[in-house]
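Here's the structure, in structure tokens; my notes come after.
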Amino acid sequence: MIVNTPPMGWNTWNTFGQNINEQLIRESVDTFIKLGLKDAGYQYFVIDDCWSEHERDPQTDEIVPSKTKFPNGMKAVADYVHENGLKFGMYSCAGVRTCANYPGSYNHEFLDAKTFARWGVDFLKYDYCLRAINGEAPYLYRRMGQALRQCGREILFSACNWGSEDVWSWIRTTGASMYRSTGDIFDNFESAKNIAISQLPKMCYSAPNCFNDMDMLTVGMFGKGNVGRDSTNTIDEYTVQFAAWCLWGSPLMLGCDLRKMTPEILKLVTNRDLIAINQDPLVAQPYCLEPHAMSAGWVPVARFLEGGDLALGLFNFSDNPRECSILLEWLGFPYDSKYRLEMRDLISGETTLSGRDDINGQVPPHSVRIFRCHPVPAC
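Quick note: the sequence shown uses the working numbering, first residue 9, plus one each step.
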């Protein structure tokens, strides 16, 4: 299937882990619609691991939904998601068992793909635990890629091998539309920061039909749930995470409890200006303007946008305020170009004009200033 911009949606794992059931899914779908997340562009509603019985059906060999958690079966859940105008996602694993020790799809790829298609699945997150043999990732992901191509339904293939085995060098051969490039995220600033920084050398490995997935967002969890380890996140720190995922071009998969989302978090994750950067149809590669700045704890990242604008993020990952200074020449505008930049702050909404040579801005610790910049003739 063709996927032109990074997928957007919600996944159960970060908050709920194994504590999922049909009632939770229905309540979360209702809240998803009520909060306006669908209107903001989020569309995939994904159930992660722990949804099935612990063993396959002895007669059909199919994976069976848990009769306790999903008494009406998985097609009924998919139908409810579809009735609300959303797309339905599920989880499996390239191993013999999943990461939580439920049946995996190893040697059952074609059977499972047809089962998922029959239920109405639109998105498959495919994990990488408990494989029979290490080092076979390209072959295992190609097998599921082919199975999905032959299942009779368009299903987005989300590969999740955590960035191991140089996944960026071969993942396009599998038909995956997105792929995990990192280890698991946890709900603390250090985890989000380390993931964002780790991807600076890999920004070239993301493009239409195969997007670099930096893992599901923890924005709005505030230490609650399955990955809420050592969390003391502030709204500024969550803003850094969301802005980085948007500017880096990662899929935006929310992971907080939608039923408890605060107004501040809702405003952040539905910020249409930030989402527009993530979903920009040019899908240009972001780039780090000054790699050596990281030694001082800040990272300037830019990205060309459709129509001649560009995005600019000044990320202060350090524990101290930083004076962030960049030359317009780094953005492609030397002094004799006779251009300046009209800069709209995508958080505050304020508009300022750059100097002829450079941009200077004070950024508080664990914060970001992110702009949409429009070139204008210098006076």
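Every residue gets a Cβ at the ideal spot worked out from N, C-alpha and C, and that includes glycine.
These numbers were taken from a predicted model, which means no experiment stands behind them.
Count the other C-beta atoms from every protein chain shown that fall within 10 angstroms of the C-beta of residue 377, then say buried if there are 16 or more, exposed otherwise. It counts as buried.
With 16 as the cutoff for other CB atoms within 10 Å, does residue 329 come out buried or exposed? Exposed is the call here.
Keeping to the same chain, check which residues put their C-beta closer than 8 Å to that of residue 131; ignore five residues upstream and five downstream. Result list for residue 131: 15, 17, 52, 54, 95, 96, 97, 98, 163, 164, 166, in chain order.
Alpha carbon to alpha carbon, what distance is there between residue 33 and residue 83? The straight-line gap from Cα to Cα measures roughly 13 Å.
Just reading off the beta strand (DSSP E) that residue 306 is part of, what are its end residues? It spans 306-312 - the beta strand (DSSP E) in which residue 306 sits, taken as one unbroken run.
Going straight from the alpha carbon of residue 253 to that of residue 334, what length do you get? Between residue 253 and residue 334, the C-alpha separation is close to 22 Å.
For residue 140, count the other beta carbons within 10 Å of its own beta carbon; 16 or more makes it buried, fewer makes it exposed. Which is it? By the Cβ-count criterion, residue 140 is exposed, with fewer than 16 other Cβ atoms from all chains shown falling within 10 Å of its own Cβ.
Segments of 3+ residues assigned as beta strand (DSSP E) that fall wholly inside the region 21-87: As far as the region 21-87 is concerned, its whole beta strand (DSSP E) runs of at least 3 residues are 52-54.
Quick check on the burial criterion: 16 or more other C-beta atoms within 10 angstroms. Buried or exposed for residue 107? Burial call: buried.
Check for me: the beta strand (DSSP E) holding residue 385 runs from which residue to which? In this chain, the beta strand (DSSP E) harbouring residue 385 covers 375-385.
On a CA-only basis, which of 193, 379, 237 is nearest residue 225? Give me that one, please. Looking at the Cα atoms, 193 is the closest of the given residues.
Under 8 Å by Cβ, that's how I've got residue 306 and residue 323 pegged, so tell me the actual separation to the nearest angstrom. The pair is a contact, with the Cβ atoms about 6 Å apart (cut-off 8 Å).
Thinking just about the alpha-carbon of each residue, which of 184, 116, 71 is nearest to the one in residue 9? Of the candidates 184, 116, 71, the residue whose Cα lies closest to the Cα of residue 9 is 184.
Rounded to whole angstroms, what's the CA-CA distance from residue 301 to residue 207? Just pull it up for me. Roughly 15 Å between the two C-alpha positions.
How would you call residue 220, buried or exposed, if buried means at least 16 neighbouring beta carbons within 10 angstroms? Counting every other CB atom within 10 Å of its CB across the protein chains shown gives residue 220 a total of 16 or more, marking it as buried.
With a threshold of 6 Å on Cβ separation, who are the neighbours of residue 201 within its own chain once the five nearest residues in sequence on each side are excluded? Same-chain partners within the cutoff: 325.
When the Cα of residue 269 is compared with those of 243, 346, 290, which residue comes out closest? Distances from the alpha-carbon of residue 269 to those of 243, 346, 290 put 243 closest.
Three-pair Cβ contact test at 8 Å for the region 64-80 versus the region 171-181: The way I'd put it, the region 64-80 doesn't touch the region 171-181; fewer than three beta-carbon pairs between them come closer than 8 Å.
Any idea if residue 215 is buried or exposed, counting beta-carbon neighbours within 10 angstroms, 16 or more meaning buried? By the 10 Å Cβ count, residue 215 comes out exposed.
With 16 other CB atoms within 10 Å as the buried threshold, where does residue 314 fall? Residue burial is scored here from C-beta neighbours: residue 314 has fewer than 16 other C-beta atoms within 10 angstroms and is therefore classed as exposed.
Around the Cβ of residue 77, are there at least 16 other Cβ atoms within 10 angstroms (buried) or fewer (exposed)? Burial call: buried.
Give the DSSP bridge partners of residue 369, in chain order. According to DSSP, residue 369 bridges with 332.
Identify the continuous alpha helix (DSSP H) that holds residue 144 and give its terminal residues. Element bounds for residue 144: n/a, residue is neither H nor E.
Residue from 290, 288, 320, 90 with nearest C-alpha to residue 296: Comparing alpha-carbon positions, the option among 290, 288, 320, 90 lying closest to residue 296 turns out to be 320.
From which residue to which residue does the beta strand (DSSP E) around residue 139 run? Looking at the DSSP string, residue 139 is not in any beta strand (DSSP E), and its letter there is neither H nor E.
Compare the Cα-Cα distances from residue 212 to each of 257, 247, 195 and report the closest residue. The shortest C-alpha separation from residue 212 is found at 257.
Three-state class that DSSP yields for residue 299 in the structure shown: Helix.
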